[in-house]
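Those protein sequence lines, which keep their order, are chains Y and L.
Residue numbers for the first sequence, in our numbering: 3 to 340.
Residue numbers for the second sequence, in our numbering: 3 to 340.
Number of protein chains: 2
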Amino acid sequence: MRPTIRDVAQNAGVSIKTVSRVLNDEPYVREDTRAKVLAAINELGFVANLSAKRLAKGQAFTIGLLFHNASWHYILDAQRGVLDTTRAHGYSTLMHPCDVARSLDAREILAQASQRLVDGFVFTPPADNATQLLENLEAMGVPFVRMTPWEREREWPYVAATDRAGAREMTEYLLQLGHTRIGYVRGPADQKAGADRHDGYRDALATAGLRYDPDLVRQGDDQFEAGREAACSLLGMREPPTVIFCNNDEMAAGACVAVREAGLLLPEDVSVAGFDDIPLARQVWPALTTVCQPIYDLAAAATQMLIELLNGQTPPALSIEIPTHLIVRASTAPPHHN
Amino acid sequence: MRPTIRDVAQNAGVSIKTVSRVLNDEPYVREDTRAKVLAAINELGFVANLSAKRLAKGQAFTIGLLFHNASWHYILDAQRGVLDTTRAHGYSTLMHPCDVARSLDAREILAQASQRLVDGFVFTPPADNATQLLENLEAMGVPFVRMTPWEREREWPYVAATDRAGAREMTEYLLQLGHTRIGYVRGPADQKAGADRHDGYRDALATAGLRYDPDLVRQGDDQFEAGREAACSLLGMREPPTVIFCNNDEMAAGACVAVREAGLLLPEDVSVAGFDDIPLARQVWPALTTVCQPIYDLAAAATQMLIELLNGQTPPALSIEIPTHLIVRASTAPPHHN
DNA sequence: GACGTTTTTGACACCGGTGTCACCGTCCCG
DNA sequence: CGGGACGGTGACACCGGTGTCAAAAACGTC
Numbered sequence: 003m004r005p006t007i008r009d010v011a012q013n014a015g016v017s018i019k020t021v022s023r024v025l026n027d028e029p030y031v032r033e034d035t036r037a038k039v040l041a042a043i044n045e046l047g048f049v050a051n052l053s054a055k056r057l058a059k060g061q062a063f064t065i066g067l068l069f070h071n072a073s074w075h076y077i078l079d080a081q082r083g084v085l086d087t088t089r090a091h092g093y094s095t096l097m098h099p100c101d102v103a104r105s106l107d108a109r110e111i112l113a114q115a116s117q118r119l120v121d122g123f124v125f126t127p128p129a130d131n132a133t134q135l136l137e138n139l140e141a142m143g144v145p146f147v148r149m150t151p152w153e154r155e156r157e158w159p160y161v162a163a164t165d166r167a168g169a170r171e172m173t174e175y176l177l178q179l180g181h182t183r184i185g186y187v188r189g190p191a192d193q194k195a196g197a198d199r200h201d202g203y204r205d206a207l208a209t210a211g212l213r214y215d216p217d218l219v220r221q222g223d224d225q226f227e228a229g230r231e232a233a234c235s236l237l238g239m240r241e242p243p244t245v246i247f248c249n250n251d252e253m254a255a256g257a258c259v260a261v262r263e264a265g266l267l268l269p270e271d272v273s274v275a276g277f278d279d280i281p282l283a284r285q286v287w288p289a290l291t292t293v294c295q296p297i298y299d300l301a302a303a304a305t306q307m308l309i310e311l312l313n314g315q316t317p318p319a320l321s322i323e324i325p326t327h328l329i330v331r332a333s334t335a336p337p338h339h340n
Numbered sequence: 003m004r005p006t007i008r009d010v011a012q013n014a015g016v017s018i019k020t021v022s023r024v025l026n027d028e029p030y031v032r033e034d035t036r037a038k039v040l041a042a043i044n045e046l047g048f049v050a051n052l053s054a055k056r057l058a059k060g061q062a063f064t065i066g067l068l069f070h071n072a073s074w075h076y077i078l079d080a081q082r083g084v085l086d087t088t089r090a091h092g093y094s095t096l097m098h099p100c101d102v103a104r105s106l107d108a109r110e111i112l113a114q115a116s117q118r119l120v121d122g123f124v125f126t127p128p129a130d131n132a133t134q135l136l137e138n139l140e141a142m143g144v145p146f147v148r149m150t151p152w153e154r155e156r157e158w159p160y161v162a163a164t165d166r167a168g169a170r171e172m173t174e175y176l177l178q179l180g181h182t183r184i185g186y187v188r189g190p191a192d193q194k195a196g197a198d199r200h201d202g203y204r205d206a207l208a209t210a211g212l213r214y215d216p217d218l219v220r221q222g223d224d225q226f227e228a229g230r231e232a233a234c235s236l237l238g239m240r241e242p243p244t245v246i247f248c249n250n251d252e253m254a255a256g257a258c259v260a261v262r263e264a265g266l267l268l269p270e271d272v273s274v275a276g277f278d279d280i281p282l283a284r285q286v287w288p289a290l291t292t293v294c295q296p297i298y299d300l301a302a303a304a305t306q307m308l309i310e311l312l313n314g315q316t317p318p319a320l321s322i323e324i325p326t327h328l329i330v331r332a333s334t335a336p337p338h339h340n
């Protein structure tokens, strides 16, 4: 049998409460008592039982990380950001791939909170269509932080990248290269981040005095295949765009394939740009010009904020925006004039 | 306050033990009693507290998933396989990115078991150099299953793909295309799976009556950059290979870039082949010829086996091999004869 | 109706920690 | 020297379930 706190107490000749004090670095323990207890702990090889602590404290010391689609590359970075932060605070992380918009999954999420499996949640996008779920969590007093921009009127905490500014910067760069017909592949309709990027694209066009042309815009679901299809459709136009800017890198990789399949040269005939800067962006040829979104930092910040909320502290801010930056690689070039 | 089992008992007019019986579908509860209890549960919105159950049962109902490098694409598939299986059995999964060969990380893994955070572990490769850790776990009575081939003399359970046969099949396919100088990029030296694949490569050469030429072999660490460097080195030889077969897809993607950078056509001048069939294999251009390793199934099988071990059952087998299969895409072609 | 067997139920200890509060011993001060 | 403040400690209830075991109820048999 593994030793318990009672065994340690007996071995050290003190009460269990005193052992507990030593374990938790509480004040009011004399130095020599502390030493006795530590010696006993060492001698017995005692390690505290987390389940007992959780029960007694009424806390799980665990946060749930919700994400939609495990095939999304950036999830790995988000996971690392969350895991590193929780670990640093002595918390655990419960991964939960799910679709927050599905009521079945929403019920399961609420159950995890009810079962005291987790103390709070970090949502990665897309989580913009789960108002009902969020309201339920709020009513249950279960805190959460979302990794996605959010309208201001709700006081729900979030951490986001400067999506709009990032997309504007990319579009300005493309305009500067000389492109005037810039194809755009949007993300899912229900995602605020995607909408913001789209707005950034429009901002840059407007500033440059160019008309926003809906014919140059396609809708995708952020997956590779959607990027390929959207690009294929854009390239099939009578007057196709000279560059295709996608809502994320995975779709941009798909667009690259579509360019190749159309028998065109990349980037000489058509340029392609992405968003996110996931590892894939460097692993395709030519490497993708993209907007770097520091997902690890976003995730770490979201987790930090959540843990502060759990500890009853007031985080310095309930919304954080982390800047993106343009990364120019080889998939973009000035337009080909024939 | 959330209702407890005592509230339910009071509301239903029975003892807490009877409520517990209903919750756990134990026999010896009269139908009408069960109905009364269920009604009370419903009325109060009672959900059992998992922490209490864990303490009482002395089990965490959680397994730890250990993996080395979160940037490896196949980790996502492995995660899904593990998560789906644990969830189906009412278990949770604790992700733990770590380097099992580092003693600091090994200590943390042992601590997780001591703290009763987890009941057992699934190891994803590389975990071939952690004998010390595995022996400690065995001594503590903490079960584990490894996703990697393993020598037979140790009775440690594992789940693996048919790495050797898979690499042989690929090499035979390349030979059949007409290649005779087949470059090979090995995986890390301490991984059994990599060694097996290398053996499969040699098997096929031997069967075809070709000499194994160490000059055509490079060593990589399974990352993109290593594949690029290895391929670059191979292509710089006086008589370079006509195809480069890599230990995994990520290095193969790197090799593709090296071919491009050398100003060569892929696959007309040089072919490239990978192993694993991760999503990346379909997202580069041309799509990679590779060996499909059903990682999801491997992970699910490993988890299933672990849970059976935890429940004191004897799994049907303590080692499982899951077949791989060749996937021919566009990155391979007959050699260019000039 | 008495009795043995099987089903159904409850009292209560227990899992291994934490929180509350009373108590003891010192020290300081008037 | 009495009394208040405070550092240090322990007794014990408590967190919310599960396991044990004995008692009660239901059932069948003669």
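For every residue, glycine included, the Cβ atom is placed at its ideal position computed from N, Cα and C.
Under 8 Å by Cβ, that's how I've got residue i and residue j pegged, so tell me the actual separation to the nearest angstrom.
i: Leu237/L; j: Ala264/L; result: 5 Å
i: Arg199/Y; j: Asn249/Y; result: 6 Å
i: Thr88/Y; j: Thr305/Y; result: 6 Å
i: Ala255/Y; j: Gly229/Y; result: 7 Å
i: Leu96/L; j: Leu67/L; result: 7 Å
i: Ile1/L; j: Val274/L; result: Because chain L spans 3 through 340 in this model, residue 1/L falls outside it and cannot be assessed.
i: Pro5/L; j: Gly47/L; result: 7 Å
Once you ignore the five residues that flank residue i on each side, which residues in its own chain have a CB closer than 8 Å to its CB?
i: Pro242/Y; result: Arg183, Gly185, Leu236 and Val272
i: Leu135/Y; result: Val102, Ala108, Ile111 and Leu112
i: Met142/Y; result: Leu112, Ala115 and Ser116
i: Leu268/L; result: Cys258, Val261, Arg262, Val274, Pro288 and Ser333
Using C-beta distances below 7 Å, list every residue in its chain close to residue i, excluding the 5 sequence neighbours before and after it, in chain order.
i: Asp223/L; result: Pro190
i: Ala42/L; result: Val10, Asn13 and Ala14
i: Pro294/L; result: Looking at the sequence itself, residue 294/L is Cys, so the reference to Pro does not match. Asp279, Thr326, His327 and Ile329, listed in sequence order.
i: Leu177/L; result: Ala206 and Ala210
i: Val24/Y; result: Val31, Arg36, Val39 and Leu40
Look at residue i and residue j and say whether their C-beta atoms are less than 8 Å apart.
i: Asp279/L; j: Ile324/L; result: no
i: Ile65/L; j: Val120/L; result: yes
i: Arg188/L; j: Val219/L; result: yes
i: Ala301/Y; j: Gly83/Y; result: yes
i: Val39/Y; j: Val16/Y; result: yes
i: Gly168/L; j: Thr334/L; result: no
i: Ala80/Y; j: Phe63/Y; result: no
i: Val147/Y; j: Pro159/Y; result: yes
i: Ser53/Y; j: Ser53/L; result: yes
i: Gly92/L; j: Leu312/L; result: no
Please return the same chain residues whose Cβ sits closer than 6 Å to the Cβ of residue i, not counting the five positions on each side in sequence.
i: Ile7/Y; result: Ile18 and Val21
i: Asp205/L; result: Arg170
i: Ala332/Y; result: Pro288 and Ala289
i: Tyr203/Y; result: Ala169, Thr173 and Tyr186
i: Leu179/Y; result: Pro336
Can you grab the Cα-Cα spacing for the pair residue i / residue j, in whole Å?
i: Thr291/L; j: Gly276/L; result: 6 Å
i: His181/Y; j: His338/Y; result: 9 Å
i: Ile309/Y; j: Glu157/L; result: 42 Å
i: Val261/L; j: Trp74/Y; result: 27 Å
i: Asp251/L; j: Leu282/L; result: 7 Å
i: Asp86/Y; j: Thr209/L; result: 49 Å
i: Asp165/L; j: Ser105/Y; result: 41 Å
i: Gln221/L; j: Glu227/L; result: 12 Å
i: Met239/L; j: Tyr214/L; result: 17 Å
i: Ala132/L; j: Met307/L; result: 20 Å
i: Val286/Y; j: Gly314/L; result: 48 Å
Taking only heavy atoms of the ligand SAM into account, decide whether any of them is closer than 7 Å to the Cβ of residue i.
i: Ala260/Y; result: With respect to the ligand SAM, the structure offers nothing, as it holds no ligand at all.
> When you check each C-beta in the stretch 85-119 of chain L against every C-beta of chain Y, which residues fall closer than 7 Å?
Replying inline: Leu85, Ser94, Thr95, Leu96, Met97, Pro99, Ala113, Ser116, Gln117, Arg118 and Leu119
> Going along the chain, which residues of the stretch 271-291 of chain Y sit with their C-beta nearer than 9 Å to a C-beta in chain L?
Replying inline: Pro281, Leu282, Arg284, Gln285, Val286, Trp287, Pro288 and Ala289
>> Tell me which residues of the stretch 241-260 of chain Y have at least one Cβ-Cβ distance to chain L shorter than 8 Å, keeping chain order.
In response: Glu252, Ala255, Gly256, Cys258 and Val259
> Between the stretch 52-74 of chain Y and chain L, which residues of the former have CB atoms less than 7 Å from a CB of the latter, in chain order?
Replying inline: If the cut-off is 7 Å between Cβ atoms, the stretch 52-74 of chain Y has Leu52, Ser53, Ala54, Arg56, Leu57, Ala62, Ala72 and Ser73 near chain L.
>> Residues of the stretch 130-147 of chain Y in Cβ contact with chain L at a cutoff of 8 Å, in chain order, please.
In response: none
>> Along the stretch 17-50 of chain L, where does the CB come closer than 7 Å to a CB of chain Y? Name the residues.
In response: Val49 and Ala50
>> Under 7 Å, CB to CB, which of the residues in the stretch 216-235 of chain Y have a partner in chain L?
In response: Phe226
> At a Cβ cut of 8 Å, what residues of the stretch 323-335 of chain L count as close to chain Y, listed as they run along the chain?
Replying inline: Correct list: empty, as no residue qualifies.
>> Under 9 Å, CB to CB, which of the residues in the stretch 288-321 of chain L have a partner in chain Y?
In response: Listed in chain order, the positions of the stretch 288-321 of chain L with a beta carbon within less than 9 Å of a beta carbon of chain Y are Pro288 and Ala289.
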